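Heads up, the thing below is written out as structure tokens.
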Amino acid sequence: MATNQQPIKGPAIFLAQFMGKEAPFDTLENMAKWAASLGYKGIQVPTDPSLFDLEKAAESQEYCDNIAKICKDAGVEITELSTHLQ
2 MATNQQPIKG
12 PAIFLAQFMG
22 KEAPFDTLEN
32 MAKWAASLGY
42 KGIQVPTDPS
52 LFDLEKAAES
62 QEYCDNIAKI
72 CKDAGVEITE
82 LSTHLQ
């Protein structure tokens, strides 16, 4: 299977340890912008429905495309989906 992925050039950060109810830790968009502002190039995203709804992603390419756009617009890429806490 061919992919168009390229290696990221820089560090990534695991977002689960920072999740919270107040900005910038309350939404994927805010956390992606926050991580980019700190110089991170990638984010490891927990599959907690408040950030990334795994069931919705399995059913909707549009949802996945929107998540990818949110990250790209913020200046980061998703490097990993973390499911180990489910």
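Residue numbers for the sequence shown follow the working numbering, so the first one is 2 and each next one is one higher.
Positions of the beta carbon are idealized from the N, C-alpha and C atoms, including for glycine.
Since we're looking at a predicted model, the values are computed, not measured.
Within 8 Å, strictly: CB atoms of residue i and residue j
| i | j | result |
| --- | --- | --- |
| P50 | W35 | no |
| E30 | I71 | yes |
| G43 | I9 | yes |
Same chain, Cβ closer than 6 Å to residue i, five either side skipped, listed in chain order
| i | result |
| --- | --- |
| G48 | Residue identity check: residue 48 is Thr in the sequence provided, not Gly. Excluding sequence neighbours, T48 sits near L55, L82 and T84. |
Local Cβ density within 10 Å of residue i, reported as buried at 16 or more and exposed below that
| i | result |
| --- | --- |
| F53 | buried |
| L39 | exposed |
Cβ neighbours of residue i in the same chain (closer than 8 Å, five flanking residues each side left out)
| i | result |
| --- | --- |
| Y41 | G11, P12, A13, I14 and V77 |
Same chain, Cβ closer than 7 Å to residue i, neighbours up to 5 away in sequence not counted
| i | result |
| --- | --- |
| D74 | none |
| K57 | Y64 |
- prompt: Taking only runs of the beta strand (DSSP E) that begin and end inside the region 23–86, which ones reach a length of at least 3 residues, in chain order?
  reply: 43–47 and 78–83
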